[in-house]
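Undergrad:
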Amino acid sequence: MVGEKSRSVYRKKRKRNFSGRRKQKEESEETAPDVGEIAASTPSTLRDENQLSDSDSKETVGSSRKKMKYADEELLLDSSDEEYTFNTEESEGYRLINVKNLSTAVSKAHMCEKGTLTLEEEKSARAGLMSHFSLQCCSCEESSPLPTSSGVTQRGKSYDINRRVVEHAIESGSGYEGLATFCGIMNMPCLSKPAYYKQVDNILEALEDEAKEDMRKAGERLGQQILEENPEKDLDDTLDAVVSFDGTWAKRGFTSLTGVVFVISVDTGEVLDYHVLSKACQKCALKKAKGVNEEEFEEWLLEHECDINFAGSSPAMECEGAVVSWERSLERHNLRYRWMDDERW
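If you want my numbering, it's the position in the sequence shown, counting the first as 1, plus 1.
#1: Give a yes or no on contact between the region 177-197 and the region 215-224, applying the rule of three or more CB pairs nearer than 8 Å.
#2: Rounded to whole angstroms, how far is the Cβ of PHE263 from the Cβ of VAL272, which I believe are closer than 8 Å?
#3: Using 8 Å for Cβ pairs, my map puts ALA136 next to LEU118. What's the rounded Cβ distance?
#4: Buried or exposed: THR89, going by 16 or more other Cβ atoms within 10 Å of its Cβ?
#5: Between which two residues does the alpha helix (DSSP H) harbouring THR249 extend?
#6: Hey, how far is the Cα of SER175 from the Cα of CYS320?
#7: Closest to GLU168 by CA distance: which of GLU206, ILE186, PRO190 is it?
#8: Hey, is GLU206 close to the ligand GDP, as in C-beta under 7 Å from one of its heavy atoms?
#9: Could you tell me the distance, in whole angstroms, from the CA atom of ASN163 to the CA atom of LYS234?
#10: What three-state label does DSSP hand ILE309 in the structure shown?
#11: Which same chain residues, not among the five before or five after ARG329, have their C-beta less than 8 Å away from its C-beta?
#12: Just to confirm the assignment, what range does the alpha helix (DSSP H) spanning SER145 have?
#13: Where does TYR160 land, buried or exposed, given buried means 16+ other C-beta within 10 angstroms?
#14: Residue range of the beta strand (DSSP E) that ARG337 falls in?
#15: Is it buried or exposed for ALA251, if we count other Cβ within 10 angstroms and need 16 for buried?
Set out below in structure tokens:
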């Protein structure tokens, strides 16, 4: 019929047989692994980790880890040094170790001809991140000490690793909480909070001494430069200097509890002096938080070196710091800050 749409008739096509080789199917049939092997090589999320047997937990590793394991086994078989195996079943987790200490301990370790070396930890001698291991011959039980870090001083129990990690926590701003979190993730022992703050005090004292020495040398260099520019002046005379002065606070706004001011030489660009002003003391706050009575607190306060040295407003810290710095310029450098080069003044 004209104008009528022709109907399409579906005709089922005849399926053609595949004449090639079914490679994937044939190879999978030839090398089909056992069901147990598949279950062991594939991590299962339906079973709890505690339900895995020892054989399952050993087989659930990646291919790269297996290759490294096989390579290590081949090296052990080829070298025939079976006595150089280390038994660390009693210890777990990670440790930061001084390579020099490790090399010294291994070189001095005694081992009998048919003996083996075991690595044992003396947990009672642990101090913060410093662990004390020993390499012991299982045949004659002779051992060599292996401390993971060297001491800072000959006496006491202050170790280099503890001081370094505390200094990193200070510089990075993470503090004790950041250090404790890192050690927890790495499954490493950590410093206690009192030991951490004791290291903070030691580091602060060392930094202050170094800063004072640097500022003293900066004052000497500035005085020498002024004498070279003014030959009529003598070394014992009070010298006039041009300085720049500025202050900063621990946080923005006008509510900061801590501020610091700096005096900088305009001629040399070096820091001549600094002064920290604080309206709060963390040690006092911690002592009060322990719930001590007023009498005990006053008794403790007599021997305490409090950080509070200012009682005014936060913006007024800068003016107070300038007064303190100007008053001690003669005592520290025999200099008089006579001119101040500052855009705000």
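Ideal placement from N, C-alpha and C gives every residue a C-beta, glycine not left out. Keep in mind the model is a prediction, meaning the values are calculated, not measured.
TA: In this structure, then:
#1: These segments do not touch.
#2: Between VAL272 and PHE263 the Cβ distance is about 6 Å, and since that is below 8 Å, they are a contact.
#3: Here residue 136 turns out to be Leu, not Ala, going by the sequence shown. Contact flag correct, Cβ pair sits at about 5 Å.
#4: Residue placement at THR89 cannot be trusted, given a pLDDT of 42 that sits under 50; what the coordinates show is reported in the next sentence. That one is exposed.
#5: Where THR249 is concerned, there is no enclosing alpha helix (DSSP H), although the beta strand (DSSP E) it sits in stretches over 240-250.
#6: Cα to Cα, SER175 sits roughly 31 Å from CYS320.
#7: Here the closest residue by C-alpha is GLU206.
#8: For the ligand GDP, the structure offers nothing, since it holds no ligand at all.
#9: When rounded, the distance between both Cα atoms is 50 Å.
#10: Looking at ILE309 - three-state DSSP - the assignment turns out to be coil, as it is neither helix nor strand.
#11: Here the set comprises ASP274.
#12: For SER145, no alpha helix (DSSP H) encloses it; the enclosing beta strand (DSSP E) starts and ends at 144-148.
#13: Here TYR160 is buried: its Cβ has 16 or more other Cβ atoms, across all protein chains shown, within 10 Å.
#14: Where ARG337 is concerned, the enclosing beta strand (DSSP E) stretches over 336-341.
#15: The residue is exposed, with fewer than 16 neighbouring Cβ atoms inside 10 Å.
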